[in-house]
Each structure stands twice: as structure tokens, then as C-alpha cells.
Amino acid sequence: MQLKIMPKKKRLSAGRAPLMLFLCQMISALEVPLDPKLLEDLVQPPTITQQSPKDYIIDPRENIVIQCEAKGKPSPSFSWTRNGTHFDIDKDPLVTMKPGSGTLTINIMSEGKAETYEGVYQCTARNERGAAISNNIVIRPSRSPLWTKEKLEPIILRNGQSLVLPCRPPIGLPPPIIFWMDNSFQRLPQSERVSQGLNGDLYFSNVLPEDTREDYICYARFNHTQTIQQKQPISVKVISVDELNDTIAANLSDTEFYGAKSHRPRPPTFLTPDGNTSRKEELRGNVLSLECIAEGLPTPIIYWIKEDGTLPINRTFYRNFKKTLQIVQVTEADSGNYQCIAKNALGAIHHTISVTVKAAPYWIIAPQNLVLSPEEDGTLICRANGNPKPRISWLSNGVPIEIAPDDPSRKIDGDTIIFSKVQERSSAVYQCNASNEYGYLLANAFVNVLAEPPRILTSANTLYQVIANRPALLDCAFFGSPLPTIEWFKGAKGSALREDIYVLHENGTLEIPVAQKDSTGTYTCVARNKLGMAKNDVHLEIKDPTRIIKQPEYAVVQRGSTVSFECKVKHDHTLIPTVMWLKDHGELPNDGRFTVDKDRLVVADVNDDDGGTYTCVANTTLDNVSASAVLSVVAPTPTPAPIYDVPNPPFDLELTDQLDRSVQLSWTPGDDNNSPITKFIIEYEDAMHEPGLWHHQTEVPGTQTTAQLKLSPYVNYSFRVMAENNLGRSLPSEASEQYLTKAAEPDKNPTAVEGLGSEPDNLVITWKPLNGFESNGPGLQYKVSWRQKDGDDEWTSVVVANVSKYIVSGTPTFVPYLIKVQALNDAGFAPEPAAVMGHSGEDLPMVAPGNVRVNVVNSTLAEVHWDPVPLKSIRGHLQGYRIYYWKAQSSLTRNRRHIEKKILTFQGSKTHGMLPGLEPFSHYTLNVRVVNGKGEGPASPDKVFNTPEGVPSAPSSLKIVNPTLDSLTLEWEPPSHPNGILTEYTLKYQPINSTHELGPLVDLKIPANKTRWILKNLNFSTRYKFYFYAQTAAGSGIQITEEAITTVDEGKLAGILPPDVGAGKAMASRQVDIATQGWFIGLMCAVALLILILLIVCFIRRNKGGKYPVKEKEDAHADPEIQPMKEDDGTFGEYSDAEDHKPLKKGSRTPSDRTVKKEDSDDSLVDYGEGVNGQFNEDGSFIGQYSGKKEKEPAEGNESSEAPSPVNAMNSFV
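Per my numbering, the very first residue in the sequence shown carries number 595; after that it's consecutive.
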């Protein structure tokens, strides 16, 4: 007898007064217990207990049996409808109804055809309290038609081509299972290259010669009738290009033969499905199967992705060599775009499948039977979901409620029927039908109005014996209408109990969580309602637990010696224990060497087989305990040097004491390999939720071989054990047997519950869902509740599937809400969750900040102040204030077209901020806006301010042009950022001598309106350094520097300096730094290239002829460009050593007079000859000959920092 009282246990404390435990039970619904004695005289409406499936496919060769079983008091009568009209079974001799049942048997084996009885059947079970109806049962005979006759031509194709062999089986009921075999009834091998599609066709991505055969046969197996149909064999011949050429040689010209390659690689293309996109629709709870088969050479590989999400880990499977993607138990969340990608070495192709998941109706809350007493109230709730949303309709005793007899106590409110002050005539059976285009749900729920005095169904004077410190459960199963209240008393006179805690279960059971000796006694259960009272006495005895006070100990003995294990047991004196010994969890060997006395096991003449685990087990009628020890047998001394290693894995894992939330695991340790085991590590696997993944459970000391493990509900556990010693950890043991714990309500609720609006009129409630391990049972759902924080509204709740988000629509903007998310499953609800606060969606702020003030700090910094906006106008979480500012126009230039706005955001509730990086002497405009999570509010009125002058930037450019002997012309462009009104330019310059020493500095002021200036009276051929900057009233700007050289008076130089060593020195002192000039670099590159070409030509000719006279060479080639060489012997010298391969000196050149002293120039070609006679021809070729003199090493750098004069540089080239 069970009472639906409340979802939680009720805990009661005992005081010093006589104990009276009283349960005040809220009346909602009463289940009638299945007690035979009670049911004998208890009136009850019919309930359908068994029926045939909705879609009932029958075997036409056997009799048709349509089931319909029901219970009720009085026993119900049965009737049937067929295709919506009454089915009179008495008029059909082939139809019989089972006595006391509604089950029909249609005898078609003797005569008649199954097709005659096709149709829609419905059963009605009726008694005086109402009528229950079955589902619509659609009867259809199975069909296995033959293949249509067809002539199949042999298929001939080239090696490497793709191929599809069609199956096209006949349409049967149910659809057949397709497979391909040969004439020997051997299945054809399949692979990534060859595979069968979902439609039964056989696909070849590319064919090979071994695919040639004449017996490709498609078979269709019809399981319902156990028949197999066969298609005509298909002949396939794969030929190479050579064979094809031989075949067509007589009919084709030579140019029409195939090439030598038998096949040519090609990128993938899809054989199925067609096109780039396709659509797929599937129903919730079914298996979603998506297929992509591609052809190509080499064979393509298929990959799958979901474009807008990830594939569900525990529900995704790949079939048919990854060509088929399957998702089991598909849900609406699996809708989306799935992409299959076929890829080989030559490319890739993809196809997108748009999946839509619809749903036939499924229950959220199915109606439950309702037992009420007269004048009580109650409700029937029928709540279902689906896609599209199902329509709910009610029936009463099988008749639509709109036309059923009126009942004043009944009121229909959508998916709820409300009963008020019911009477006995209100008893009926109600049917709820939830339907959409994909199916329907039909549920019967009766309302039974009873007036019954209390009855206690637990046997009187039941004796309960419980071990001390364990829970004691005293039963009091009861029934009554109205629902009785339960009271518990201890002792005839209600003896006092102190500081004990009791738990009263909803079925009337009294639980003593921790029974003690003083809990012994007689307990009385009393049930009362307005129609009477019933009571029952039960007795409780508390026994001492059985304990092993002296446990057997681990032993290591030598062969041939004697060992003993001791096991002393202490127990309750009223209980008689039995003690037995086990070896390796089995019986002791039948050997006289093993002797057992009162509390000891002795093993004599020990041998190697005696090693193992010895367990002492003490049993009583109420409990049992055990203790184990390991015996290790070693060789007699002298013993070999021990081998130290990690332990061997434990073995013989066993699960005992299997309870809902705990289990005892025991094992046998493996060999410790001469290093004692310090601890055992226990791990578990959840084969239901995370198969293959092992988690840490607990650790126990190395002397312990059992462990009491705490478990979670609805987990398919397997355990393994590892041993550890000082050398390391052993391999894991083999997994234990699996143990599936019972489902229970969730222990915890989702975490990370938040409420944030995505729109101004909604509230998006999100949470982190429980994982499979935490669900504690099937059917995990969430009850989402919410109400406004600052109102008196009741909680609004909705139960959603195992998702992580729920959106509440139609909320006011940015209102605080209290939110709760409670987990539930098929077993019940998790504990009541704590409420968290969230907010509905934000909207843009309504008010702009006021009283905006600007304080200009300096030319680049300003401080802005504003008044905060009212909090109510923000309509969201205040994120800060945002300043937009822009340079409207310069104080000098007022025609700027492009305005670049800048933004600065100040977090939080700040009412002031600094604007850095402003441009001096500028006209700025700004406004301020408040910012929340949705965005910005309106802007404040524009505020204008000006920045003072600052120092200017450097002039944009400075050029020195038109150099003369004593003057230089300077040209420049004004600063790009004057940052004010320019007052003047400052030019400073000074000469630089040959040692880079600076001369006196000249300071010159230039009017601001000038962009050109001529400096006169300068020294000729002198380098000057210039410093140039602009000025405003705020100060001097950034300077720009430049260097320039006045030109050389060539006439004066020629007249003053004679052509001797001194002249060379004078000219060198006035040389200009041309090494960085572009024209000089280009000229030097040309000279180097010319010399390189000459060297290459010489090298090639010498390699051809060794030593030869220059004259012979000239005669042989007659090249007018080559001038004769006039030397003593008329020949080039030989290349004789590495010194001869040294290149000419870098930058070699001579002045215009062809004479430069060796010590006066680092760049002379004189070093390459004996004297100063080396000359150039007009075409630049060198005249003279290489002498035997060793070449001078090139200098690492110039001794002077001055560059040679441009004039000298020009004159040094012919």
C-alpha cells in the first residue's frame, strides 16, 4: 500500500513526552494497492493492462491474435470496433474472444484470408464505473512479393571506372533487408571502394580487374515471413586498356585506340546523393541515417561535420566505412546542416544535407488515476509536446467529452480537467488524446470516488530483527478514502524516547536511521480518516553485530613447513554463527593437510599450490563478516637473490553486498615481487555513459583486500584494481562484472544558472546541464521556474527536455527575476534549488547625460564632466559613459571635408574623464552618451571647445639646391602640423672640416611667410650642416637637419696645385662624399660588370689554348674592338697561382692627366703593374700586361672620412 503524500521524506524528532508520530498528509491522489484481499471487495473502473501494438503487421500464414486485457472491479466486459463501426464477433465463425478477456483470435489457418481482416481495430473494456479504450490497432498482413522478371545485359567497363549495380527490390511489408551474395551464397566483400548503399544498390568508387564476375546477386530477406527473394545475377567484366584496344581494333582506326594507361586518376564526385545540397526529415527518437558515397581514383575517403555545431559524442556512429552517419535517439537539437566531404589526393568535394527533426507527440505529464472520496477535489493533467505542437482532446468513457453526459463537478481547462466536490456518480474513465500529423498518444486515467474506512495491510505482530547501528524499517501499508493520517506509538503506554530521529516515509513506513539497543520494543501504527480507524502492532529487536576480533594475517612460508591462520568471532548471544574457510573464494581442498578447529585453520606440509588467499567467513541470519589473508609459498633457504619489481596485477575481483548506493569489492593481490604492496588503487568505468573511460574511485591500504564503494544511481559500473609498491604501480586487473545501480531522483541541480535577456521583451534562462553520470536515471529533464523579484506573482514553471536554455517571452524590459532550475528524471525531482537573480532583456537607454562641461588642461588634454542619468532611464546594466569627440575644423583652415570621430569609453558610473592626444590650436566638438549591455543612449547636446597653440612639428621637407662656389639655396615646405600660427623660422648652420669637426654656429631668423632662402658668402668646396625649425607663440618646434657642399673652383685648383704629390693631397682634402650618391653607385657597378666580363673572356680563352700569343689570338678572331697589346713578349702571363686570381682593386680609377702616385690613391691601377704605364684604351680596355709582382691587399676602409670630389671621380673614368 503506497500513499502519494510528498516527494520527500519527513523527519520527526522525539521529545520527552510519549512518542506520537503524526503524518498530516496532503490529499492529491490515492493509488489502490494491488493487495488481493483488498481488491476482492473494492470497486474500481477498468484499466487496460495489455494490448497489441498500434501498427500490427501479421504473418498471413498464422492465426491473427489481437490482444486486449483489462482489470477492474467488477470484472469488465469487452467489445470491439473495426474501421470505426461495431465489430460483431458472434456473426463471424472464424473470430473468437478469450473468456474473461478481450483478446481476439481469428482462425485463418483453416480457411479465410488475412487480407479480409485488414483494418483498424479498437477494444473497449467496460464496467459500472466506466469504460477504458485501447489504441487504434492497425492490422496489416506482411507481404514478400517476387522480383519482376527482367533481362540484365552484361556490364563491360574499363579498369578504374565507377559503377553502380542497382538492386531495386520489390516493395514489401515490412521493407526487406538487402544484401549481396554470389552463387555460392557467400557475401560479397565490401570496403571503402565497394559498399552497399542504404537503398540496397552496390556502389564501386572505381573498379579493378578482380571485380570481374558473373554472379552479382541482390537478395531481399522478408523477416516477417522468413522468406528470401533473389534478383537475376548481374555480370560485370572489367578490362584493361590493352584488352579494350584488342576488342575494338577491327572497327577503329589507329588514332582511336586508348592510351597506354589503364586508368587515369580523377578527383571525387558523388554517386549519391545528387547535387550539392539535399534535405532529410526524421522523427524524434528515431535513428537519423545520412549517406554519402563518392567515386574517384584513388578511392575517396568520407568525412562528416555539422556546420552549425558538433556531432553528439555518445549518440553518433559511423557505418559502411564512414559513408553512413547515424545519430541514435535523435532530438530537435540535432536539426541543422550536415556536410559530408569526399577527399582524395586530387581534390575534395562536399555535399550539404539539411536535417529537420520533427516529433510525434510525447508525454510531459501523462494523466494518472485519481482516487477521491466524496466532496473532495482533484485534477487530471494531460500535457504533451511534439513538433508540430500536438492537439489535446478529452474523452469520457470512450466518448468525446463534448457529447458525453454532463458532470457538474467537472470543468475542462485545455489540458486539465478540474474536479470539485465529486460524488460517487463522478466515477469514470477519461481518455486523453494528443495527436499531430506524425502520430498520437492515448492514455486512460480513471476517477474513482470511494468512501472506505482505513485498512492496515501489514501483517499483525510482525517481528523485525536488526543489527545495531543499521537502519530499521517498520512497515505500515495502509489504504482508505479519504486518505488516512498515520500515527506511530512506541509501547503500550507510549514510553519516552530521547534524542532519537525518525523518518516517516510516504507509504507509512517508520524508519529508524541508526537503530540502537534501546530502540527494541513494540511499535503501534494507527491509521485514521473520517470513516474510522485501524491499528497494528509490530515488534523490533536490536542485535549486536558480528565481528572478527582476530583476523588472519599475511604469511610467507617455505615449502614443506606448516602455517596457521586465526579467526576469532564475537557475535550476539541470541544468534548462532557459522564459520567457514575459503581458499581463493572457493572451498578448501579435500586434503588431510588442511585442518579446521574452533577458530583456526592449519595447513601442514605446504607446497606451491597452497599459495593464495584464505578467507574466514562468519555468517548469522542477519549479517555476515569476512576477513582474508594471503599465503605466499617460497623455496627453502638458501634462496636465490630476490627480483624486485612492481606488483603483478590483482585478480579474482568480486562484487558483494550489492545495494542501491554501495557495493563491496574484493580481490586477490598478485605477487608483490619482493616489495610489499603499500596500497591498492580502485578505478571504475561507466559503460552506460562513458564506455572505455576509467575514473579514480578510491585507495585502500596494501593489507586490505576488500573495499566498501559508494555508488551513484543509474550507472553501469565495472571496477578494476591496481597494486602499488615502492617500485611503482602494477598493470590494471581485469575488469569486474558489471553492476547496474537502480535509478533514483537526481542528487543535484544544474549549475551556472543565469538569466539574461537577449531582447527587450524576453528572459533567456541558461544553465550547465547535468552529465549522464549525474542524471541518476533515464528521462532527465529540467523544471524551469521564474517570477519577478519585486512582485507578488506566483512562480511560473515549465518542464523542458535535457537542454541548457529556455527563453521566456513577453517580459517587461530589464526587470529583476528570481530563477530556479530543478533537475528531474523518471524517478523524481532533485532537491529544491536555490533561487538566483537574473534580469530580463535590456533596451537602449532613454536619457542623455546632462550638464556637460569641458575644462581644457593644455593644448593636447581636456577634462570632461557630466551629470549621471537616472538609473531607471538606463534600462539595463550600466556599463559606462562614452564620449564622442572630433576635430570640427582648424582655427587656420576652415574648409576640411573629412571629419574623423574618436570615441573614449569610461567604465562604470564615472562622471568625468580625460581626453588625451588632442591637436593643439584646434576646434573640437563632443557629446556624451550612456552605455548599457544593449548599446548607447541618445547623445547629449554637442559641446564645443578650442585647444590653445602648441609647438609645431618639423618642416615637411628641406632641400639644398643650386650649389655654387660661395652660396647654397634652401627650399622647404611648412610643417604639416603647425599647431598654431607660425611666427618665424630659425636656421642654424656651421661648417664641417675633413675630420668632422664643427665650425662656428650661425643663427639666422627667417620670416614665417618664406619657403626659400639663399645663403651667400660661403666657403667653396666646404660641407655645411644645417638645423632648421619653425616657431609659434608656444615655442620652437622639432628641428630638421641637412648637409650640403659648395662647389669647387676648378680653374683655381689647376693654377695653384702642380701635378705632383702635393696636388694630389690638396685635391683629396676637398673630396666630396659621393660613395652614397646614386649615379656613383651605378657607374661603379657598370665598371665592375665590364671588368668581370673581361676576366671571364680571358679565362675561357686560356682554358681553350693554354699559353698563346695575343697576336695569334687577335688574328684568329679579327675583332676590331680588341686593341693590340704592346709588350716585350707580346703575350699574357700564365695563371700560375692563387695570387693571380685576385680581382682588381675596388673602385680603381685614374685622374684625367693619367698620373696618380701610388701612395696618393687607394684606388689606383698602378698596383697591378711595375710602374705608372698602365693605361686604358678609348673603349675602356686595359693596356699593358700582368706582371709577376704580388698584388697589393685592398684596404679595409678609407683613412679619411671625406669622400672623393665629384670632379675627380668623374675624371677618373675614360
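Backbone N, C-alpha and C fix where the C-beta goes; we use that ideal spot for every residue, glycine too.
> When the Cα of E663 is compared with those of S671, E656 and N657, which residue comes out closest?
Replying inline: Locating residue 663 in the sequence shown gives position 69, counting from the first residue. The shortest Cα separation from E663 among S671, E656 and N657 belongs to S671.
> If you run the structure through DSSP and keep just helix, strand and coil, what is P803?
Replying inline: Reading the sequence shown from its first residue, position 209 is the one you call residue 803. P803 sits in a helix when the DSSP states are folded into three classes.
> Roughly how many angstroms lie between the CA atoms of N1521 and R1476, to the nearest whole one?
Replying inline: Locating residue 1521 in the sequence shown gives position 927, where the first residue counts as 1. Locating residue 1476 in the sequence shown gives position 882, where the first residue counts as 1. Those two C-alpha atoms are separated by around 8 Å.
> Straight-line CA distance for P1321 to G1373?
Replying inline: Here residue 1321 refers to the residue found at position 727 when the sequence shown is read from its first residue. Here residue 1373 refers to the residue found at position 779 when the sequence shown is read from its first residue. According to the sequence displayed, residue 1321 carries Leu and not Pro. Approximately 47 Å between the Cα atoms of the pair.
> Cβ atoms of S1403 and F1461: under 8 Å apart, would you say?
Replying inline: Here residue 1461 refers to the residue found at position 867 when the sequence shown is read from its first residue. Here residue 1403 refers to the residue found at position 809 when the sequence shown is read from its first residue. It is worth fixing the name first, because residue 1461 is Asp in this sequence and not Phe. Using a Cβ distance threshold of 8 Å, D1461 and S1403 do not count as a contacting pair.
> By DSSP, does F1539 sit in helix, in strand, or in coil?
Replying inline: Within the sequence shown, numbered from 1, the residue matching residue 1539 stands at position 945. In the displayed model, F1539 falls within a strand according to three-state DSSP.
> Whose C-alpha, out of Y711, L1067, P1230 and I1142, is nearest the C-alpha of S736?
Replying inline: As a position in the sequence shown, residue 736 is number 142, starting the count at 1. Measuring from the Cα of S736, the nearest candidate turns out to be Y711.
> Quick one: what's got a C-beta closer than 8 Å to D1387's C-beta in the same chain, skipping five residues either side?
Replying inline: Taking the sequence shown and counting its residues from 1, one reaches residue 1387 at position 793. Closer than 8 Å at the Cβ level, and outside the excluded window around D1387, lie R1381.
> Got a sec? Which residues, its chain only, sit under 7 Å from D1239 by beta carbon, not counting five neighbours each side?
Replying inline: Residue 1239 sits at position 645 when you count from the first residue of the sequence shown. Cβ within range, chain order: N1267 and L1321.
>> Please state the DSSP three-state secondary structure of P1737.
In response: Reading the sequence shown from its first residue, position 1143 is the one you call residue 1737. Low local confidence applies: a pLDDT of 39 at P1737 is under 50, so the model's placement there is unreliable, with the coordinate-based value given in what follows. Coil.
> In terms of residue numbering, what span does the alpha helix (DSSP H) encompassing I1575 cover?
Replying inline: For the purposes of this step, residue 1575 is identified with residue 981 of the sequence shown, where counting begins at 1. Premise fails: I1575 is in no alpha helix (DSSP H) and is neither H nor E.
>> On the criterion of 16 or more Cβ atoms from any shown chain inside 10 Å, does N1603 qualify as buried, or is it exposed?
In response: Start at 1 with the first residue of the sequence shown, and residue 1603 comes out as number 1009. Answer is exposed; the Cβ neighbour count stays below 16.
> Taking just the CA atoms, how far does V1228 sit from L1249?
Replying inline: Translated into positions along the sequence shown, residue 1249 becomes position 655. Translated into positions along the sequence shown, residue 1228 becomes position 634. For L1249 and V1228, the gap between their C-alpha atoms comes out near 30 Å.
>> Among the candidates S1534, F1539 and S834, whose CA atom is the shortest distance from the CA of V1451?
In response: Taking the sequence shown and counting its residues from 1, the one referred to as residue 1451 is at position 857. Minimum Cα distance to V1451 is reached at F1539.
> Looking at the unbroken beta strand (DSSP E) that takes in K1466, where does it start and where does it end?
Replying inline: Position 872 of the sequence shown, counting from 1, holds the residue named residue 1466. No beta strand (DSSP E) holds K1466; the alpha helix (DSSP H) holding it covers L1465 to I1468.
>> Using C-beta distances below 6 Å, list every residue in its chain close to T1345, excluding the 5 sequence neighbours before and after it, in chain order.
In response: Residue mapping note: residue 1345 aligns to position 751 of the sequence shown, counting from 1. If we look at T1345 and ignore the five residues flanking it on each side, its Cβ neighbours are K1362.
> Near T1114, which residues of its chain fall below 7 Å by C-beta distance, leaving aside the five closest residues on each side in sequence?
Replying inline: Locating residue 1114 in the sequence shown gives position 520, where the first residue counts as 1. So the list reads L1134, E1135 and I1136, once near-sequence residues are dropped.
>> By the DSSP assignment, the beta strand (DSSP E) with I660 in it spans what residues?
In response: As a position in the sequence shown, residue 660 is number 66, starting the count at 1. Its beta strand (DSSP E) spans residues I658 to I660.
>> With distance defined between alpha-carbon atoms, name the residue in R977, E969, Q933 and N981 nearest to K952.
In response: What you label residue 952 is simply residue 358 of the sequence shown in a count that begins at 1. Here the closest residue by C-alpha is N981.
>> Since F1073 and V1041 should fall inside the 8 Å C-beta cutoff, what is the C-beta to C-beta distance between them, to a whole number of angstroms?
In response: By one-based count along the sequence shown, residue 1073 stands at place 479. By one-based count along the sequence shown, residue 1041 stands at place 447. No, F1073 and V1041 are not in contact; Cβ-Cβ is about 17 Å, not under 8 Å.
> When you compare only the Cα positions, how much space is there between P892 and G879?
Replying inline: Taking the sequence shown and counting its residues from 1, the one referred to as residue 892 is at position 298. Taking the sequence shown and counting its residues from 1, the one referred to as residue 879 is at position 285. Whole-angstrom Cα-Cα distance: 38 Å.
> Got a sec? Which residues, its chain only, sit under 8 Å from P1572 by beta carbon, not counting five neighbours each side?
Replying inline: Numbered from its first residue, the sequence shown carries residue 1572 at position 978. Excluding sequence positions up to five before and after P1572, its CB lies within less than 8 Å of the CB of L1486, F1515, P1546, S1547, A1624 and T1626, all in the same chain and listed in chain order.
>> Taking 7 Å as the limit between beta carbons, can you name the residues of its chain near L1305, skipping five residues before and five after?
In response: Locating residue 1305 in the sequence shown gives position 711, counting from the first residue. The answer, listed in chain order, is R1255, S1256, V1257, Y1311 and T1335.
>> Classify F798: buried if its beta carbon has 16 or more other beta carbons within 10 angstroms, exposed otherwise.
In response: The residue you call residue 798 lines up with position 204 of the sequence shown. Taking a 10 Å sphere around the C-beta of F798, we find 16 or more other C-beta atoms and assign the residue as buried.
> Taking T1156 as the reference, which of G992, W1480, L1225 and C934 has the closest Cα?
Replying inline: On the sequence shown, residue 1156 is found 562 positions in, with the first residue counted as 1. The closest CA to that of T1156, considering only G992, W1480, L1225 and C934, is found on L1225.
>> Would Y1024 and S990 be called neighbours here (beta carbons separated by less than 8 Å)?
In response: Taking the first residue of the sequence shown as position 1, residue 1024 is located at position 430. Taking the first residue of the sequence shown as position 1, residue 990 is located at position 396. Contact: yes.
>> I'd like the span of the beta strand (DSSP E) that includes A552, first residue to last.
In response: Here the chain has residues from 595 to 1808 only, and residue 552 is not among them.
> Which residues does DSSP pair with C934 in a beta bridge?
Replying inline: Along the sequence shown, one-based indexing puts residue 934 at 340. C934 is bridged to W898 and H945.
> Is the number of C-beta pairs between the stretch 1115-1122 and the stretch 1152-1170 that are closer than 8 Å three or more?
Replying inline: Because the criterion of three Cβ pairs below 8 Å is not met, the stretch 1115-1122 and the stretch 1152-1170 do not touch.
> Going by DSSP, which residues form a beta bridge with L782?
Replying inline: Taking the first residue of the sequence shown as 1, we reach residue 782 at position 188. Beta-bridge pairing by DSSP links L782 to no other residue.
> What span of residues does the beta strand (DSSP E) with K864 cover, start to end?
Replying inline: In the sequence shown, residue 864 corresponds to position 270, counting from 1. In the sequence as presented, Lys is not what sits at residue 864; that position holds Phe. Per DSSP, F864 belongs to the beta strand (DSSP E) from R860 to T866.
> What separation, rounded to the nearest whole angstrom, lies between the Cα atoms of P867 and E885?
Replying inline: Position 273 of the sequence shown holds residue 867. Position 291 of the sequence shown holds residue 885. Rounded to the nearest whole angstrom, the CA to CA distance from P867 to E885 is 8 Å.
> Can you give the Cα-Cα distance for G1366 and C934, rounded to whole angstroms?
Replying inline: Locating residue 1366 in the sequence shown gives position 772, where the first residue counts as 1. Locating residue 934 in the sequence shown gives position 340, where the first residue counts as 1. A direct Cα-to-Cα measurement between G1366 and C934 gives close to 29 Å.
>> Counting C-beta neighbours from all protein chains within 10 Å, is the total for D678 16 or more, i.e. buried, or is it exposed?
In response: What you label residue 678 is simply residue 84 of the sequence shown in a count that begins at 1. The amino acid at residue 678 is misidentified as Asp; the sequence shows Gly. It counts as exposed.
> Are I1600 and L1581 close, meaning C-beta to C-beta below 8 Å?
Replying inline: The residue you call residue 1600 lines up with position 1006 of the sequence shown. The residue you call residue 1581 lines up with position 987 of the sequence shown. Against a cut-off of 8 Å, the Cβ pair of L1581 and I1600 comes out as a contact.
>> Does the distance between the C-beta of L1688 and the nearest non-hydrogen atom of the ligand PLP fall short of 7 Å?
In response: With respect to the ligand PLP, the structure offers nothing, as it holds no ligand at all.
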